[in-house]
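**Q** Protein chains in written order, with this note's numbering: chain V, 101 to 553; chain Y, 101 to 553.
1. Along chain Y, which residues have their Cβ under 7 Å away from the Cβ of residue 208 of chain V?
2. Thinking C-beta only, is residue 120 of chain Y closer than 9 Å to residue 374 of chain Y?
3. Applying the criterion that 16 or more other CB atoms from any shown protein chain within 10 Å of the CB defines a buried residue, is residue 509 of chain Y buried or exposed?
4. Extract the residue ranges of the beta strand (DSSP E) inside the stretch 281–306 of chain Y, only unbroken runs of 3 or more that lie entirely within it.
5. Looking only at DSSP bridge pairs, what is residue 512 of chain Y linked to?
6. Would you say residue 482 of chain V and residue 205 of chain V are within 9 Å of each other, going by their C-beta atoms?
7. Compare the C-beta of residue 560 of chain Y against all C-beta atoms of chain V and say whether one is closer than 9 Å.
8. So, is residue 80 of chain Y buried or exposed, given that buried needs 16 or more other C-beta atoms within 10 angstroms?
9. Which residue's Cα is closest to the Cα of residue 486 of chain Y: Y:444, Y:397, Y:435, Y:503?
10. Locate the beta strand (DSSP E) running through residue 234 of chain Y, then write down its first and last residues.
11. I want to verify the contact list: residues of chain Y whose CB lies under 8 Å from the CB of residue 296 of chain V, in sequence order.
12. What are the partner residues of residue 461 of chain V, as DSSP defines its beta bridges?
13. Along the chain, where does the beta strand (DSSP E) containing residue 496 of chain Y start, and where does it finish?
14. Exposed or buried, which one is residue 78 of chain Y when buried takes at least 16 other CB atoms within 10 Å?
15. Is residue 544 of chain V helix, strand or coil when you go by DSSP?
16. For residue 360 of chain V, which residues does DSSP report across the bridge?
17. Residue 330 of chain Y and residue 365 of chain Y: beta carbons closer than 9 Å?
18. Which residues, taken in chain order from the stretch 190–202 of chain Y, show a beta carbon closer than 9 Å to some beta carbon of chain A?
19. By DSSP, does residue 213 of chain V sit in helix, in strand, or in coil?
20. Output the boundary residues of the beta strand (DSSP E) element that contains residue 118 of chain Y.
21. Under 9 Å between the Cβ atoms of residue 270 of chain Y and residue 519 of chain Y?
22. Thinking residue 353 of chain V and residue 202 of chain V are a contact (beta carbons under 8 Å), I'd like their distance in whole angstroms, please.
23. Figure out for me which residue from V:414, V:114, V:151, V:195 has the closest Cα to the Cα of residue 502 of chain V.
24. I think residue 106 of chain V touches residue 177 of chain Y, with their Cβ atoms under 8 Å apart; what is that distance to the nearest whole Å?
25. What residues from chain Y crowd round residue 521 of chain V, counting only those whose CB sits closer than 7 Å?
26. To the nearest angstrom, how far is it from the Cα of residue 262 of chain Y to the Cα of residue 272 of chain Y?
27. Out of Y:430, Y:406, Y:480, which has the shortest C-alpha to C-alpha gap to residue 444 of chain Y?
28. Which term fits residue 421 of chain V, buried or exposed, when burial requires 16 or more other beta carbons within 10 angstroms of its beta carbon?
29. To which residues of the same chain is residue 465 of chain V closer than 7 Å at the C-beta, ignoring the five residues directly before and after it?
30. Assign residue 101 of chain Y to buried or exposed, taking buried as 16 or more other Cβ atoms, counted over all protein chains shown, within 10 Å of its Cβ.
31. Give every residue of the same chain whose Cβ lies closer than 6 Å to the Cβ of residue 477 of chain Y, excluding the five residues on either side of it in the sequence, and list them in chain order.
32. So, is the C-beta of residue 279 of chain V closer than 9 Å to a C-beta in chain Y?
33. Apart from the five residues just before and just after residue 132 of chain V, which ones in its own chain have a Cβ nearer than 6 Å to its Cβ?
34. Given residue 256 of chain V, which residues of its chain have a CB within under 6 Å of its CB, disregarding the five upstream and five downstream residues?
35. Ignore the nearest five residues each way along the sequence and tell me which others in residue 174 of chain Y's own chain have a CB closer than 7 Å to its CB.
36. Residue ranges of each beta strand (DSSP E) run of no fewer than 3 residues wholly in the stretch 371–436 of chain Y, ordered along the chain?
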């Protein structure tokens, strides 16, 4: 039998700086616009909901931004995260490919989300904030922020989409264990929630409604800010710790990836692993293939339009230029809840638009099939979101075999599936189906895009 | 804020040998007896159900037993496991104590169980075995053996106590993801199961019945052996990798524990962390306090009798001398299912009887309270079994504060609680109650002990 190989960095090699790709882009990303004036937003527009340190990061052009020491102290609990050579999977596939995966499931919340949750909690605490509000769908982000709040002594209020709140009581228990308050959305706590309930008393909620509630609760109190777990530039920045470590680990392995693969929902997982490699390429280093993998049922990069749109359904956010299916598009209820977002991080959209990324999409059944194959070989059950990356990596490894070439394939295993066993149960019981998007619904949602000159 | 500190050994420091405490005991442990003849059992008695390498380990007096290289290769996926200094917990408790915990939840099955599952699967594979049968209660052990079987290409059949099979579908999904067959016990597959069902068609099963079914399925097929996840000497041996690593990590920390704490169910978690330290003491090294923590509702060490008894309810196993509540005693249904066993590992019982261990017991509510406190400070939600160790460690840290002394307290955090969130849900909802053992039932079970001269 062939063993897997683990590349573990010393704590001294934990990065001291995040990498800001804005410094190396061949063209700047289009600015975020005020929804009323269509003029670029300034710090004052964002100050009611974000701490100033985060707003500065959002617009910074500095290549390296220092990771505060208290954030590194907490990162050290599980970072540097391991890079594995998946030798048992290679053997199972009988492929000449060298398959590597970076494993973010070692974090206490079981995903990559704490990389930014810890940082955002730190900056809020530093600026005297008492409470952070946020929304969560599947629960990964809410769990990460609950954990971060517990470490920094901040109150955390999580508006959880009601259907998930009811279907995933264990995610709620997880957040409550860390002292967070978890509220089913729509709720009676906000005017946004009350308005929805007045019209639809049985509403099961949506991420768009939950965002509106969280933002409203933040704006109405001086000691309260709001936090977002993906999409925005500062979130991409914080996640680059993943790729920066992976660069050092490939040095240890005396290898370099030909291809880097990651699932894309809001984009932070993809940005986290790929941007440091893309930065090397943009500064004249070796070119690599970047593959963004999304669900066929929510094909933002592969079928969406690159246009200015709102980040939420209720149109409370600024306008960002991104690949979008239209802010009113509601994706079907597949299991990778973390990938059910109508839009995409502006930075990921921008580099895709520049031709630097190859997006592709998969149906959920082929993703679960890959996840089970990976688990049998490597011992880790991936989260449904992570299965998208596993699927693409396995397909590329099979292609290597067909073409008789050995390529180094890196993918980000962004989280474990310990809280997603119902999805696997459904898969084994034959209850899981491939879900298709509706062309007409996407067309209708895209017709509603704001017109920006 | 004060950060936690992580002590990570280099892969080169992964132990090459397990530690066998039998070599250093001041008096040998009493032999295992044949239930019919009351004479010590020999290898031939055990050969139908265990591979010879395991049987040899069961009776070995060698101090060091080599860990086979293929087992070390797999250990390396998550080992050496981290040792943490719980500085945030110390600060929360405002204690002068130095609290350390060894974290076994980093294994792919989320507990210490793979340390022996991988080894047992290896020895079975080496001897040409095709299939391993076993039983599982809460599911930790079944999950670990399913994982090990997947790595070595062995079929795994797990008889899961029916009440758990129905209440914990996610544990079953976990095992099935790795290709294991999971069967609700009592089943129609065995004569033992059919006999129970004939008498009690609605039986929800018990660990004793599940053991009988698993053993029967092993004995009836030449290519099939049986595996046990605790109690026996070879299991204690394999788990010493935990304490051997901890010894090296205390060298890194320039410290040494005054006290080592671990929960005790069958005893392997306790033996794994404490025996290497106890060995140092027995060979003239520094004396330390060993604390075995058990549930008040299943008080094997604190209320049981040290006597020869059967390992299972159906009386198919040999007789072992151990602390026992009587093999027919059925503990109440508290949440730490891994600690619901009437007996105790003979080696743990023996060293307890020699006065080398201080056992104590806790109710489940005080354990969950400690677990939540630990999670808020350190970011990890412990399994209900592990909470027993957390409770004792916190109590000892508070005692340090009261007495104004700084002691180094080490406990083994044997697993995470990701699959136990229903228990936390019940705790938060006020549905969890302390459960008492029944003095009369224990007396009745003890009255049924076999009489051994």
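Cβ atoms here follow ideal geometry from the backbone N, Cα and C, with glycine treated the same way.
On a predicted model such as this, the values are computed, not experimentally measured, just so you know.
**A** So, from the data block:
1. 479, 480
2. no
3. buried
4. 281–285
5. Y:202
6. yes
7. Outside the shown range of chain Y (101 to 553) lies residue 560 of chain Y, about which nothing can therefore be said.
8. There is no way to answer for residue 80 of chain Y, as the model of chain Y reaches only from 101 to 553.
9. Y:435
10. 231–236
11. The contacting residues do not exist; residue 296 of chain V stays about 27 Å from chain Y at best.
12. V:394
13. No beta strand (DSSP E) holds residue 496 of chain Y; the alpha helix (DSSP H) holding it covers 484–503.
14. The structure shown does not extend to residue 78 of chain Y, since chain Y is modelled only from 101 to 553, so the question has no answer here.
15. helix
16. V:390, V:510
17. yes
18. The structure shown has no chain A; the protein chains it does contain are V and Y.
19. coil
20. 117–119
21. yes
22. About 12 Å separates the two Cβ atoms, so there is no contact after all.
23. V:195
24. 6 Å
25. 270, 273, 274
26. 11 Å
27. Y:406
28. buried
29. 532, 534
30. Low per-residue confidence applies at residue 101 of chain Y: pLDDT is 41, beneath 50, and the placement is therefore not dependable, though the value from the model is reported in the following sentence. Under this definition residue 101 of chain Y is an exposed residue.
31. 188, 189, 192
32. yes
33. 141, 418, 420
34. 232, 245, 246, 249, 280
35. 218, 251
36. 389–395, 405–410, 419–424
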